[in-house]
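J.: In this note's numbering, the protein residues as written are 585 to 684.
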């Protein structure tokens, strides 16, 4: 750094203030939210009690694996963890990757 004190390397760096936060939700909280939306009449169950949820419409970008899933869910989301995928599949649901 003696000869080029302003040089950050060949590939540069990522400014931490420029990176936004990802809005996440756990499968346990999603399960509670689905029950609330069903009670309010904003979601309708499909065959065999399965419920389809688009997390981007609810303002979430990533599904995480904390908590328990009470009913089969078809979840449309752009990113998810392996644990979330395992728990949704164990409950009889599936995850559809949005945008790709």
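By construction, the Cβ of each residue, glycine as well, lies at the ideal position given by its N, Cα and C atoms.
Looking only at C-alpha atoms, which of 609, 683, 677, 648 sits nearest to residue 630?
T.: By one-based count along the chain shown, residue 630 stands at place 46. Of the listed residues, the one whose Cα sits closest to residue 630 is 677.
J.: Can you pull the DSSP bridge partners for residue 644?
T.: Stepping through the chain shown from its first residue, residue 644 is reached at position 60. Looking at the DSSP assignment, residue 644 forms no beta bridge with any residue, so it has no partner.
J.: Can you name the residues that DSSP bridges to residue 638?
T.: The residue given as residue 638 occupies position 54 in the chain shown. In DSSP, residue 638 forms a bridge with 660.
J.: So, at 6 Å on beta carbons, what are the nonlocal neighbours of residue 605 in its own chain, with the 5 sequence-adjacent residues on each side left out?
T.: Against the chain shown, residue 605 aligns to sequence position 21. The answer is none, since no qualifying residue turns up.
J.: With C-beta atoms as the reference, is residue 615 less than 8 Å away from residue 649?
T.: Translated into the one-based positions of the chain shown, residue 615 becomes position 31. Translated into the one-based positions of the chain shown, residue 649 becomes position 65. No.
J.: So, is residue 656 buried or exposed, given that buried needs 16 or more other C-beta atoms within 10 angstroms?
T.: By 1-based counting over the chain shown, the position of residue 656 is 72. By the 10 Å Cβ count, residue 656 comes out buried.
J.: Determine which residues share a DSSP beta bridge with residue 679 and list them.
T.: The sequence position of residue 679 within the chain shown is 95, counting from 1. DSSP output for residue 679 lists 659 as bridge partner(s).
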